[in-house]
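Enquirer: Structure provided below as structure tokens; questions to follow.
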Amino acid sequence: MNSFLATNAELVITVVKIGLLLFIVLTVNAYLTWFERKVVAHMQSRWGPHRTGPHGLLQPLADGLKFFFKEDPTPAGVDKFVYYLAPLLALALALTGIALIPFGPDPIRLLGHEIYLGIAPPDVNIGILALFAITAMGVYGVALAGWSSNSKYPLLGGLRSSAQMISYELALTMSVVGVLLMAGSFNLKKIIEAQAHHPEWGLLGWNVWPQILGFFCFFVAAVAETNRVPFDLPEAESELVAGFHTEYASFKFAMFFIAEYTSMITVSCLCSIMFFGGWLSPFPASWTLTHYLPSTILILFGLWVIWDGIRYETVFGRMVLPVLGTAITAAGAALILLPGVNTFIQGPFWLLSKILVFLFVYVWMRGTLPRFRYDQLMAFGWKLLLPLSIVNVIVTSFVILAKMTWGAK
Amino acid sequence: MTAPLVVFFVLAGLAVIGAVSLILQKHPIHSALSLIVVMVALAGLYLLLGAEFVAAVQIIVYGGAIMVLFVFVIMLLNAGIEEHTSISKMAAAPGLLLVVALAGFVAATIARSSDSIQATSQTGEMSSTLGISNMIFKEFVYPFELTSFLILVAVLGATVLAQREKS
Numbered sequence: 028m029n030s031f032l033a034t035n036a037e038l039v040i041t042v043v044k045i046g047l048l049l050f051i052v053l054t055v056n057a058y059l060t061w062f063e064r065k066v067v068a069h070m071q072s073r074w075g076p077h078r079t080g081p082h083g084l085l086q087p088l089a090d091g092l093k094f095f096f097k098e099d100p101t102p103a104g105v106d107k108f109v110y111y112l113a114p115l116l117a118l119a120l121a122l123t124g125i126a127l128i129p130f131g132p133d134p135i136r137l138l139g140h141e142i143y144l145g146i147a148p149p150d151v152n153i154g155i156l157a158l159f160a161i162t163a164m165g166v167y168g169v170a171l172a173g174w175s176s177n178s179k180y181p182l183l184g185g186l187r188s189s190a191q192m193i194s195y196e197l198a199l200t201m202s203v204v205g206v207l208l209m210a211g212s213f214n215l216k217k218i219i220e221a222q223a224h225h226p227e228w229g230l231l232g233w234n235v236w237p238q239i240l241g242f243f244c245f246f247v248a249a250v251a252e253t254n255r256v257p258f259d260l261p262e263a264e265s266e267l268v269a270g271f272h273t274e275y276a277s278f279k280f281a282m283f284f285i286a287e288y289t290s291m292i293t294v295s296c297l298c299s300i301m302f303f304g305g306w307l308s309p310f311p312a313s314w315t316l317t318h319y320l321p322s323t324i325l326i327l328f329g330l331w332v333i334w335d336g337i338r339y340e341t342v343f344g345r346m347v348l349p350v351l352g353t354a355i356t357a358a359g360a361a362l363i364l365l366p367g368v369n370t371f372i373q374g375p376f377w378l379l380s381k382i383l384v385f386l387f388v389y390v391w392m393r394g395t396l397p398r399f400r401y402d403q404l405m406a407f408g409w410k411l412l413l414p415l416s417i418v419n420v421i422v423t424s425f426v427i428l429a430k431m432t433w434g435a436k
Numbered sequence: 030m031t032a033p034l035v036v037f038f039v040l041a042g043l044a045v046i047g048a049v050s051l052i053l054q055k056h057p058i059h060s061a062l063s064l065i066v067v068m069v070a071l072a073g074l075y076l077l078l079g080a081e082f083v084a085a086v087q088i089i090v091y092g093g094a095i096m097v098l099f100v101f102v103i104m105l106l107n108a109g110i111e112e113h114t115s116i117s118k119m120a121a122a123p124g125l126l127l128v129v130a131l132a133g134f135v136a137a138t139i140a141r142s143s144d145s146i147q148a149t150s151q152t153g154e155m156s157s158t159l160g161i162s163n164m165i166f167k168e169f170v171y172p173f174e175l176t177s178f179l180i181l182v183a184v185l186g187a188t189v190l191a192q193r194e195k196s
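Chains A and B supply the protein sequences, listed in that same order.
Here our numbering is used: the first residue of the first sequence is 28, the next is one more, and so on.
Here our numbering is used: the first residue of the second sequence is 30, the next is one more, and so on.
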């Protein structure tokens, strides 16, 4: 057994990492639904889920159980093989996408092994291209689900989805070329490191400033690729019942749901990595005091949870919330006491904060924007986004060429 | 059997099975799906050869864009199960002859190569993105630009054909 562990250490580590990431992503997905419902509810002056557990925190658990135990009928006349393949494909591709994201700069050193955060090794040469390949394949889940359901509304949803994918994929790919030119690599880690050339500039060194046009195109196209509001025409519950997943119930529906939320997380990761410096701190490197920011936030948040828990309406809430708050405060305090861990946590902390901001923007857009009409969608993609991203590529290349020709030697 | 060799045979098998299934499937969508399997298996083979860029582009362009378009058109036309026609006797004889010739050619090529079949990875010029772009934009820049021009003409032609009925 020991010799097996010794010879296959890499394999064992990778399998453990896959299991861990799967667990984390699925949990985050579940709580993302809670987050979305809460935020949209408060934007519309409602409470959102608040009955199941304190602040509705157990709602995702209840929803998950419901997905498992609901009846799962297969409609008559469906193309069985494709009907079952579609949700599997959607989920598998979405989860594969997130496996390529690096979550931190430094490896954990354990028993002589360097364990990097993130499943793919950090030196994947085609990181961003592989991600685009996976998103390109992702449309089949939606399109095939629509086709195989043998029903009119899903078919319309599937058609819209594939048309939307074809239209926005070009803009999506072109919009990152500027970033790739500046970094000179497809590797996600190198793209982040290229933004750290001026450690004293802090957030002014990020790609988003020179590439503001590229960022706009990328984010809009990426939202369109994930079929989220205002680009959720394949679902369009007010016209197409539920669009491509009308005929799916129970866990097969949950698979589409998880796939959608996972791609939201992947897109947020990509935005943070390519345009917002990934795990780089927004402050200049000499401001070492900012290293205590994670613990400060954790302690303050933990104290607030305790204070809120003591006054909570239900007995269950008064029991659970203070314990939760104490745990969060203790975690924050532990970070101060363990400087090594604190330094290590900086990169992942900033990356996760940025991801959270983008997820909030996703939800914010859902609470704010109406859905595009179909012709508006097409005109927006082909007549605005694509030309803009091409202009961005040309301008960026000329600036880089000018710098190479006349720039400081 | 080394690990790359096993992966090679799995991917090659997938590609062949996909290609056969592409012809045998009755429904156009199933045929399209089989073609996607072939494309992805080929991308895997490229990856095995160390051509990462080509593998990714293979999936993005063929597996993604072009096959999505195929699936889109099949869905849009709502094409049903294809009808059987009686096999043409005229085509059967030369077809059989061609199959035999092709099989003989492949067998001869395999027999002539002295090395046993194995996946050798490319580490030189061709594998890296830099090497490929150097080739496309320096060495073969004129053929490349000519091809682009050809595609542009085709796009314009398609647009003109599509617009004709309106005016």
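Glycine included, every Cβ here is placed at the ideal spot set by N, Cα and C.
Answer with yes or no whether the minimum CB distance from B/Val170 to chain A is below 8 Å.
Expert: It does not: the Cβ of B/Val170 has no partner Cβ on chain A nearer than 8 Å.
Enquirer: Report the residue from A/Thr101, A/Ala119, A/Leu348 whose alpha carbon sits nearest the alpha carbon of A/Trp334.
Expert: For the residues A/Thr101, A/Ala119, A/Leu348, the minimum Cα distance to A/Trp334 belongs to A/Leu348.
Enquirer: Would a check of beta-carbon distances place B/Val49 closer than 8 Å to chain A?
Expert: It does not; no Cβ of chain A falls within 8 Å.
Enquirer: Tell me the DSSP secondary structure of A/Leu137 in three-state form.
Expert: A/Leu137: strand per DSSP, three-state reduction.
Enquirer: So is A/Asn177 in contact with chain B if we call contact Cβ pairs under 8 Å?
Expert: No, its Cβ sits nowhere closer than 8 Å to a Cβ of chain B.
Enquirer: Can you tell me the Cβ-Cβ gap for A/Gly374 and A/Pro148, rounded? I've got them flagged as a contact below 8 Å.
Expert: Going by Cβ atoms, the distance from A/Gly374 to A/Pro148 rounds to 17 Å, so no, they are not a contact pair.
Enquirer: Is the beta carbon of A/Ile193 closer than 8 Å to that of B/Val69?
Expert: Not in contact: B/Val69 and A/Ile193 (Cβ atoms no closer than 8 Å).
Enquirer: Starting from A/Phe441, find everything on chain B with Cβ-Cβ shorter than 9 Å and list it in chain order.
Expert: In this structure chain A extends from 28 to 436, so residue 441 of chain A is not present and cannot be described.
Enquirer: Nearest chain B C-beta to A/Ile427 closer than 8 Å, yes or no?
Expert: No - not a single Cβ of chain B is within 8 Å of the one on A/Ile427.
Enquirer: Any idea if B/Tyr171 is buried or exposed, counting beta-carbon neighbours within 10 angstroms, 16 or more meaning buried?
Expert: Exposed.
Enquirer: In chain A, which residues lie with their C-beta within 8 Å of the C-beta of B/Phe101?
Expert: Those are Ala170, Leu186, Ser189, Ala190, Ile193, listed as they occur along chain A.
Enquirer: Please tell me whether A/Glu212 and A/Ile218 are closer than 8 Å, where the distance is taken between their beta carbons.
Expert: Just to set this straight, residue 212 of chain A is Ser in the shown sequence, not Glu. The answer is yes: Cβ separation under 8 Å.
Enquirer: Measuring alpha carbon to alpha carbon, tell me which residue in A/Pro261, A/Ala198, A/Met301 is nearest A/Trp236.
Expert: Out of A/Pro261, A/Ala198, A/Met301, A/Met301 has the C-alpha closest to the C-alpha of A/Trp236.
Enquirer: Run down chain A in chain order and give the residues with a C-beta less than 9 Å from the C-beta of B/Ile198.
Expert: No answer is possible for residue 198 of chain B: the residues shown for chain B start at 30 and end at 196.
Enquirer: Given that B/Val97 touches chain A, what residues does it touch there, using C-beta distances under 8 Å?
Expert: Simply Ala163, Val166, Tyr167, Ala170, Ser189, Met192, Ile193.
Enquirer: For B/Leu105, decide whether its Cβ has a neighbour in chain A, counting only Cβ atoms nearer than 8 Å.
Expert: Yes, because at least one Cβ of chain A sits closer than 8 Å to the Cβ of B/Leu105.
Enquirer: Compare the C-beta of A/Leu260 against all C-beta atoms of chain B and say whether one is closer than 8 Å.
Expert: No, A/Leu260 lies away from the interface with chain B (no Cβ there is under 8 Å from its Cβ).
Enquirer: Between the alpha carbons of B/Ala148 and B/Met104, how many angstroms are there, rounded?
Expert: Confidence is the limiting factor: at B/Ala148 the pLDDT is only 47, short of 50, which leaves the residue's position unreliable and the question unanswerable from this model.
Enquirer: Using the beta-carbon of each residue, which ones in chain B are nearer than 9 Å to A/Phe213?
Expert: The contacting residues are Glu81, Phe82, Ala85, Thr158.
Enquirer: To the nearest angstrom, how far is the alpha carbon of B/Pro57 from that of A/Val105?
Expert: Whole-angstrom Cα-Cα distance: 15 Å.
Enquirer: How long is the line joining the alpha carbons of B/Phe37 and B/Glu81, rounded to whole angstroms?
Expert: In a straight line, the C-alpha of B/Phe37 is about 15 Å away from that of B/Glu81.
Enquirer: Should B/Thr176 go down as buried or exposed, given a rule of 16 or more other Cβ atoms within 10 Å for buried?
Expert: Looking at its Cβ environment, which holds fewer than 16 other Cβ atoms inside 10 Å, B/Thr176 is exposed.
Enquirer: Quick one: what's A/Ile142 bridged to in DSSP?
Expert: A/Ile135.
Enquirer: Whose Cβ in chain B lies nearer than 9 Å to the Cβ of A/Leu199?
Expert: In chain order: nothing, as chain B lies at least about 10 Å away.
Enquirer: Which chain B residues are close to A/Glu419, counting only those with a beta carbon under 9 Å from its beta carbon?
Expert: Correcting the residue identity first, residue 419 of chain A is Asn in this sequence and not Glu. Going along chain B, no residue has its Cβ under 9 Å from A/Asn419, so there is no contact; the nearest lies around 19 Å.
Enquirer: Leaving out the 5 sequence neighbours to the left and right, which residues in its chain are closer than 6 Å to A/Gly304 when beta-carbon positions are compared?
Expert: Gln222, Trp233, listed in sequence order.
Enquirer: For a contact meaning CB atoms closer than 7 Å, what does A/Asn152 contact in chain B?
Expert: Per Cβ cutoff of 7 Å: Glu81.
Enquirer: Output yes or no for whether 8 Å exceeds the beta carbon distance between A/Ile417 and A/Cys296.
Expert: Contact flag unset, no.
Enquirer: Is the CB of A/Glu196 under 8 Å away from at least one CB in chain B?
Expert: Taking Cβ atoms only, chain B reaches closer than 8 Å to A/Glu196, which makes this a yes.
Enquirer: Listed in chain order, which residues of the stretch 48–69 of chain A have Cβ atoms closer than 8 Å to some Cβ of chain E?
Expert: Within the model displayed, chain E is absent; protein chains A and B are what it includes.
Enquirer: Alpha carbon to alpha carbon, how far is A/Ala160 from A/Ser265? Give it in angstroms, no decimals.
Expert: Each residue's Cα considered, the two are about 32 Å apart.
Enquirer: Looking at the C-beta of A/Leu156, does it have a partner C-beta in chain B at a distance below 8 Å?
Expert: Chain B contact via Cβ: present.
Enquirer: Since A/Gly184 contacts A/Phe283 with CB under 8 Å, what's their CB separation in whole angstroms?
Expert: At roughly 11 Å, the Cβ-Cβ gap does not stay under 8 Å, so A/Gly184 and A/Phe283 are not in contact.
Enquirer: Pull up the CB-CB distance for A/Gly168 and A/Leu116, whole angstroms please, since I reckon it's below 8 Å.
Expert: Right, their Cβ atoms sit about 4 Å apart.
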